[in-house]
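Engineer:
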Amino acid sequence: MRGNLRNMISHPSELTPTTTWQETIWSQTSEAALSVHTNTPRLCVATLLPFKDGKPDWAGFERSVQWMIDCGKAFGIEVVFVLNADTGFIFNLSTELYEEVLRRFRAAFPEPKIVCGTTAVGASGDTFKADWYRPHLDIVQQFDNIEAMVMTSQLLNQLDPESRRDAYFEIAEMISVPAIAHALEPSFVPWATPFDPWLLKELAGHDTYVGGKISTLDEPHFLYWAAMCRDLNLNFSPHSGDDFGIATAIKVGEPLLIGAGVSACPLICAAQKMWQTTPLDTRVYKLFEAFQSLEDAVFRLNPKGSAADYKHSTAHVLKHLGLIESTEIHPDCTDLRDGDEAARMLEAMQRPLRVAERLGIEQFKLA
């Protein structure tokens, strides 16, 4: 049961390291109360690194990036490219390939902003060490117009709230670029736990962390974050990582940072533009439904209750769109779909293809 608002926490001084969201007023703020039509948030696309014959398909990578740049320009949306995160196989990349992705991207595309994933490299034992993040951060900070996304790791996630806060602050001492703190729900990795309100407030008060991403499929943490950040006027931008609730972020007017931003890029850009129209173009609601139906299939949970196989499904969508030649994923990654995934994705694309044709979204067509 939810509590009476008069008895719920509403001031940051009342928060403790063990406060749950359900004890706060921010857990009861509705999407409607947060909705705006005037914000123009960025779309951060967690870019797929495609593979062919066991090696990165650099030509396909560049085609897909250029396609997303063109989508952003067509609808007046800022598209930011998230490299070396889960959709870019960060947990399978060697340090050399991690750096090569950034070098090749920046050589081909000197202007777009990059958000680059970082995680614990060479983690071992049972004691967390902030220095595990240094190899990735040292590479990231060689590049301009870039933000570092501090992705959680198992030993970091296992720390108690105050030690976890201290660890993020210690990592921040190595960072000279804007940083985004990334939290996960167990739907992505079984050991993950999202930030509770005290930890979010602590990170939002640190100058290095300009925002955070919450990857969540089962609990509306993004709404909690947005409600708290707005109510307390925190200088911290919540980014939605909810691939099952894309329309919510558009309605609320906060940034998206999602793997679904790849396979549905033109649809999401079009929806962001339509949401800002006056009077409202109400066809946007059918567009919301259409791209969400696709992404529900792309991010469907596997028998283990994980959405991690979405990378394989995304590759199939991009191949159907003629952007990449192969649906291979990183040879060391086991996040593979069973059965005829090409047929399943083609079926899932039918509704958004129909809506895209009716709305004149030229960038979403079969090859």
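In the working numbering, the protein residues as written are 1 to 367.
Beta carbons are placed, not taken as given, at the ideal position from N, Cα and C, and that holds for glycine.
Does DSSP put Pro135 in a helix, in a strand, or in coil?
Structural biologist: In this structure, Pro135 counts as helix in the three-state DSSP scheme.
Engineer: Any chance the CB of Asp131 is under 7 Å from a heavy atom of the ligand HEM?
Structural biologist: Because no ligand of any kind appears in the structure shown, any question about the ligand HEM cannot be addressed here.
Engineer: What number of angstroms, rounded off, separates the C-alpha of Val36 from the C-alpha of Gly54?
Structural biologist: Approximately 45 Å, taken between the alpha carbons.
Engineer: What do you reckon, are the CB atoms on Ala179 and Tyr224 nearer than 8 Å?
Structural biologist: Going by C-beta atoms, Ala179 is not nearer than 8 Å to Tyr224.
Engineer: Please return the same chain residues whose Cβ sits closer than 7 Å to the Cβ of Leu369, not counting the five positions on each side in sequence.
Structural biologist: Because the chain in this structure spans residues 1 to 367, residue 369 falls outside the shown range and cannot be described.
Engineer: By the three-class DSSP mapping on this structure, what secondary structure does Cys269 have?
Structural biologist: It is helical.
Engineer: Would you kindly report the start and end of the unbroken alpha helix (DSSP H) that includes Met174?
Structural biologist: Met174 -> no alpha helix (DSSP H), and no H or E assigned at all.
Engineer: Could you check how far apart the C-beta atoms of Asp335 and Lys365 are, in whole angstroms? I think they sit under 8 Å.
Structural biologist: About 27 Å separates the two Cβ atoms, so there is no contact after all.
Engineer: Are at least three pairs of beta-carbons, each pair with one atom in the segment 162-174 and one in the segment 131-145, less than 8 Å apart?
Structural biologist: Touching, yes, given that three or more Cβ pairs across the two stretches are closer than 8 Å.
Engineer: Output needed for Ala425: all residues of its chain with C-beta closer than 6 Å, excluding positions within five of it in sequence on either side, in chain order.
Structural biologist: Coverage of the chain is limited to positions 1 through 367, which leaves residue 425 absent and any answer about it impossible.
Engineer: Flag Ile250 as yes if its beta-carbon sits less than 8 Å from any beta-carbon of chain B, otherwise no.
Structural biologist: Absent from the structure: chain B. Only one protein chain is present.
Engineer: Under a Cβ-count criterion, where at least 16 other Cβ atoms within 10 Å of its own Cβ denotes burial, should Ala367 be classed as buried or exposed?
Structural biologist: It is exposed - the Cβ of Ala367 has fewer than 16 other Cβ atoms within 10 Å.
Engineer: Exposed or buried, what is Ser13 when buried is set at 16 or more other beta-carbons lying within 10 Å of its beta-carbon?
Structural biologist: So Ser13 counts as exposed.
Engineer: For Ser153, count neighbouring C-beta atoms within 10 Å of its own C-beta (all shown protein chains included) and say buried if the count is 16 or more, exposed if not.
Structural biologist: Classification of Ser153: buried, given that the 10 Å Cβ count is 16 or more.
Engineer: Have a look at Pro352 and Pro41 and give me their C-alpha separation to the nearest angstrom.
Structural biologist: Straight-line Cα distance between these residues: approximately 23 Å.
Engineer: Apart from the five residues on each side of it in sequence, which residues of its chain come closer than 8 Å, Cβ to Cβ, to Glu162?
Structural biologist: Around Glu162: Pro17.
Engineer: Contact between the segment 293-309 and the segment 102-109 is defined here as three or more beta-carbon pairs at a separation below 8 Å; is this criterion met?
Structural biologist: Short answer: they don't touch.
Engineer: Taking the alpha-carbon of Lys201 as reference, which of Pro220, Ala192, Leu232 has the nearest alpha-carbon?
Structural biologist: Looking at the Cα atoms, Leu232 is the closest of the given residues.
Engineer: Based on Cα-Cα distance, which residue from Phe51, Ile258, Ser187 lies nearest to Glu325?
Structural biologist: Minimum Cα distance to Glu325 is reached at Phe51.
Engineer: Any idea what DSSP makes of Gly72, helix, strand or coil?
Structural biologist: Correct three-state label for Gly72: helix.
Engineer: Could you check whether Ala183 and Phe195 sit closer than 8 Å to each other, using their CB atoms as the reference points?
Structural biologist: Yes, they are a contact pair.
Engineer: Starting from the C-beta of Val284, find all residues in its chain whose C-beta is less than 7 Å away, skip the five residues before and the five after it, and write them out in chain order.
Structural biologist: Closer than 7 Å at the Cβ level, and outside the excluded window around Val284, lie Ala271, Met274, Trp275.
Engineer: Indicate whether Gln363 and Trp132 have their beta-carbon atoms separated by less than 8 Å.
Structural biologist: Cβ atoms of Gln363 and Trp132: not closer than 8 Å.
Engineer: Taking the alpha helix (DSSP H) that Val115 belongs to, which residues open and close that run?
Structural biologist: No alpha helix (DSSP H) contains Val115, which is instead part of the beta strand (DSSP E) from 114-118.
Engineer: Which runs of the beta strand (DSSP E) fall wholly inside the segment 229-285 and span at least 3 residues, in chain order?
Structural biologist: Entirely contained in the segment 229-285, the beta strand (DSSP E) runs reaching 3 residues are, in chain order, 237-240, 256-258.
Engineer: Tell me which residues share the same chain as Glu62 and place their Cβ nearer than 7 Å to its Cβ, disregarding the 5 neighbours each side in the sequence.
Structural biologist: Cβ neighbours of Glu62 beyond the five flanking positions: Ala108.
Engineer: Ends of the alpha helix (DSSP H) at Ala348?
Structural biologist: Looking at the DSSP string, the run of the alpha helix (DSSP H) that includes Ala348 is 341-359.
Engineer: Mind checking Asp242: buried by the 16 CB within 10 Å criterion, or exposed?
Structural biologist: That one is buried.
Engineer: Return yes when the Cβ of Ala342 is within less than 8 Å of the Cβ of Leu48, no when it is not.
Structural biologist: Not closer than 8 Å, so no.
Engineer: When the Cα atoms are used, what is the spatial distance from Val252 to Arg337?
Structural biologist: Taking the straight line joining both Cα atoms gives about 33 Å.
Engineer: What residues are listed by DSSP as bridge partners for Pro56?
Structural biologist: According to DSSP, which records beta bridges pairwise, Pro56 is partnered with Phe51.
Engineer: What three-state label does DSSP hand Ile77 in the structure shown?
Structural biologist: Note: Ile77 maps to coil in three-state DSSP.
Engineer: Ordered along the chain, which non-local residues of its own chain (more than five positions away) have a Cβ less than 7 Å from that of Val317?
Structural biologist: Cβ within range, chain order: Ser263, Val298, Met345, Met349.
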